[in-house]
Amino acid sequence: MMAIVFGLVCFSIVMVYSATSAQAVLAGTSPYVFAEKQLLYAVIGGAAFVFCRHWDPKFLQRVASVGLVASIIALLVVLVPGIGVNVNGARRWIAVPVFGQVQPAEFAKLTLVLWVAAAVARNPRALGTLRGLMPYMLVTFGMAGLILLEPDLGTATTLAFVGLAMLLVAGAQPRHIALALGVGASLAAIAIVAAPYRRARLLAFLDPWHQATTNGFQTVQAQIAVGSGGIQGVGLGSGLQKAFYLPEAYSDMILASIGEELGFIGIAAILVAITAVVLLGFRIAMRAPDLHQRLLATGIASLIAVQALDNAGAALGVMPVTGVPLPFVSYGGSSLVVLLAGTGILFSISRRSDRAQRSQRTANARTHRSERDGRARDAGSRRRGSAA
Numbered sequence: 006m007m008a009i010v011f012g013l014v015c016f017s018i019v020m021v022y023s024a025t026s027a028q029a030v031l032a033g034t035s036p037y038v039f040a041e042k043q044l045l046y047a048v049i050g051g052a053a054f055v056f057c058r059h060w061d062p063k064f065l066q067r068v069a070s071v072g073l074v075a076s077i078i079a080l081l082v083v084l085v086p087g088i089g090v091n092v093n094g095a096r097r098w099i100a101v102p103v104f105g106q107v108q109p110a111e112f113a114k115l116t117l118v119l120w121v122a123a124a125v126a127r128n129p130r131a132l133g134t135l136r137g138l139m140p141y142m143l144v145t146f147g148m149a150g151l152i153l154l155e156p157d158l159g160t161a162t163t164l165a166f167v168g169l170a171m172l173l174v175a176g177a178q179p180r181h182i183a184l185a186l187g188v189g190a191s192l193a194a195i196a197i198v199a200a201p202y203r204r205a206r207l208l209a210f211l212d213p214w215h216q217a218t219t220n221g222f223q224t225v226q227a228q229i230a231v232g233s234g235g236i237q238g239v240g241l242g243s244g245l246q247k248a249f250y251l252p253e254a255y256s257d258m259i260l261a262s263i264g265e266e267l268g269f270i271g272i273a274a275i276l277v278a279i280t281a282v283v284l285l286g287f288r289i290a291m292r293a294p295d296l297h298q299r300l301l302a303t304g305i306a307s308l309i310a311v312q313a314l315d316n317a318g319a320a321l322g323v324m325p326v327t328g329v330p331l332p333f334v335s336y337g338g339s340s341l342v343v344l345l346a347g348t349g350i351l352f353s354i355s356r357r358s359d360r361a362q363r364s365q366r367t368a369n370a371r372t373h374r375s376e377r378d379g380r381a382r383d384a385g386s387r388r389r390g391s392a393a
């Protein structure tokens with residue numbers, strides 16, 4: 006997992022440079038400006054990975070509620086004019102010196118995972134009833150609602166899916182989760198109907214080529230990029246769509262840029278690598294020594310999986326564009342730092358699982374030796390008795 010994640014992050018820096026250097030030169034700035042920022046985010050994320058790798062999951066269980074409250078406050082603060090940074094009509098970021106802009110919604114996804122795992126581990130039986138499930142639903146949909154106000158439907162949907170997946174794994178009744186999904190889908194439909202730009206985006210997804218120069222422009226340009234790449238691509242750095250044709254070619258649509266320059270082979274390699282990280286995360290969850298750590302690993306692996314599915318679906322034109330970044334690859338500091346921190350937590354759980362299994366094997370070996378020695382003594386006593 007470490008090798009795959011490290012490779013994805015390094016590849017991210019290369020692709021961010023490839024997708025932004027032409028625009029940066031044409032704008033009169035350094036061609037390395039975005040790649041240097043992504044490198045800075047990778048260094049900060051690496052520090053978060055190392056830090057979280059040495060965290061005791063029990064400590065995470067104790068501070069989960071504090072992290073949840075801090076995230077909710079941040080989600081409220083980002084909506085305040087003058088504090089939240091408004092970009093393209095969305096107020097999702099808070100300016101931070103050196104780092105640039107921090108997106109509280111990205112950190113909210115990880116803090117929700119921490120809180121759900123900690124709360125369920127304290128009282129897992131409560132999930133058996135709808136009443137016991139309600140506090141988790143209120144927190145999950147409440148945070149999703151705050152993110153939706155930014156507005157950010159993609160992140161809100163991701164957060165809700167991850168929270169419900171964790172509750173299902175923890176033992177909640179499938180019918181209760183289905184009811185929650187129905188409520189969430191209804192709220193999402195209301196949000197789409199209430200916002201004209203969301204309606205336009207949904208209609209553009211159904212037939213993007215009919216609106217190729219307006220609402221379907223990004224989807225159409227992404228499909229052109231992927232189609233132009235073919236099997237092997239036009240070559241790293243040789244893509245044309247990134248030069249003012251494909252919007253967000255270095256962030257939300259970076260998979261389309263990969264498809265143009267590295268072809269189907271490049272897209273397949275990235276998706277296989279991310280899938281491997283997800284499967285390894287679920288394997289760590291299955292081997293976790295207790296319910297809390299099992300839910301933590303499940304939540305982090307689900308977070309990576311849902312984001313990758315959403316981003317890939319949008320880039321390939323099989324899902325609406327929601328603005329969700331591709332895990333470990335898309336440009337952006339908040340997402341990269343959060344995912345590397347989550348990967349560090351996975352490593353912490355894996356190390357403790359290995360220790361627990363080694364201790365169990367050692368204990369079993371000692372028990373086996375003790376039983377064998379006992380049988381040998383009994384056999385010796387019987388032989389001496391027979392001789393007498």
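Heads up, the sequence shown is in our numbering, so the first residue is 6 and it goes up one at a time.
Yeah, the Cβ is synthetic: ideal placement off N, Cα and C, and Gly gets one too.
Residues near residue i in its chain [Cβ-Cβ closer than 7 Å; skip 5 each side]
i: alanine 185; result: Met142, Leu169
i: glutamine 228; result: Gly322
i: threonine 224; result: Ala209, Phe210, Pro213, Gly322, Val326
C-beta atoms of residue i and residue j nearer than 7 Å
i: alanine 261; j: alanine 320; result: yes
i: isoleucine 9; j: valine 282; result: yes
i: threonine 468; j: valine 174; result: What the structure shows of the chain is the stretch from 6 to 393, and residue 468 is not part of that stretch, so it cannot be assessed.
i: glycine 159; j: valine 329; result: yes
i: glycine 338; j: tyrosine 37; result: no
i: valine 14; j: tyrosine 255; result: no
i: cysteine 57; j: glycine 349; result: yes
i: alanine 199; j: aspartate 157; result: no
i: leucine 308; j: valine 167; result: yes
i: isoleucine 263; j: isoleucine 270; result: no
i: leucine 31; j: alanine 69; result: no
Cα-Cα separation, residue i to residue j
i: threonine 327; j: glutamine 66; result: 32 Å
i: lysine 42; j: asparagine 91; result: 20 Å
i: leucine 154; j: glycine 286; result: 31 Å
i: aspartate 257; j: serine 335; result: 6 Å
i: phenylalanine 231; j: glycine 240; result: Checking the sequence, you will find valine at residue 231 rather than phenylalanine. Rounded to whole angstroms, valine 231 to glycine 240 spans 13 Å at the Cα level.
i: proline 179; j: serine 26; result: 49 Å
i: glycine 187; j: alanine 193; result: 10 Å
i: glycine 189; j: glycine 33; result: 46 Å
i: threonine 116; j: valine 82; result: 17 Å
i: alanine 95; j: proline 294; result: 42 Å
i: methionine 171; j: leucine 351; result: 15 Å
i: isoleucine 236; j: leucine 296; result: 44 Å
i: histidine 215; j: glycine 150; result: 32 Å
Any non-hydrogen atom of the ligand PLP closer than 6 Å to residue i Cβ
i: serine 26; result: This structure lacks the ligand PLP; in fact it carries no ligand of any kind.
Residue range of the beta strand (DSSP E) that includes residue i
i: alanine 261; result: No beta strand (DSSP E) contains alanine 261, which is instead part of the alpha helix (DSSP H) from 259-292.
i: asparagine 91; result: 89-92
i: glutamine 106; result: 105-107
i: isoleucine 99; result: 95-101
Continuous alpha helix (DSSP H) stretch holding residue i: start and end
i: isoleucine 3; result: Since the first residue shown for the chain is 6 and the last is 393, residue 3 is missing from the structure and cannot be characterised.
i: serine 203; result: In the sequence under discussion, the amino acid at residue 203 is arginine, which differs from the serine named in the question. Per DSSP, arginine 203 belongs to the alpha helix (DSSP H) from 201-211.
i: valine 74; result: 62-82
i: serine 307; result: 296-320
i: tyrosine 141; result: 135-153
i: threonine 327; result: Segment: none, threonine 327 is in no alpha helix (DSSP H) and carries neither H nor E.
i: lysine 42; result: 38-58
i: isoleucine 229; result: 222-234
i: phenylalanine 166; result: 158-175
Close Cβ partners of residue i (< 8 Å) along its chain, the five nearest in sequence each way excluded
i: arginine 206; result: Asn220, Pro325, Val326
i: isoleucine 1; result: Outside the displayed span of the chain (6 to 393) sits residue 1, for which this structure offers no information.
i: leucine 73; result: Thr116, Leu117, Leu119, Trp120, Val144
Neighbourhood of residue i by C-beta distance below 6 Å, restricted to the same chain and skipping five residues each side
i: glutamine 298; result: Pro62, Ile354
i: lysine 247; result: Ala24, Ala254, Ser262
Checklist entry - Using 8 Å as the threshold, is the segment 129-146 in touch with the segment 304-315, meaning 3 or more CB pairs across them? => result Taking a contact to require three or more Cβ pairs closer than 8 Å, the segment 129-146 and the segment 304-315 do not qualify as touching.
Checklist entry - Would the segment 340-352 and the segment 45-52 be scored as touching if the rule is three or more Cβ pairs under 8 Å? => result Here the segment 340-352 makes contact with the segment 45-52; the two share three or more CB pairs at distances below 8 Å.
Next on the checklist: With three or more C-beta pairs closer than 8 Å as the rule, is the segment 80-94 touching the segment 122-142?
Outcome noted: Inter-segment contact for the segment 122-142 and the segment 80-94 is absent: fewer than three beta-carbon pairs are separated by less than 8 Å.
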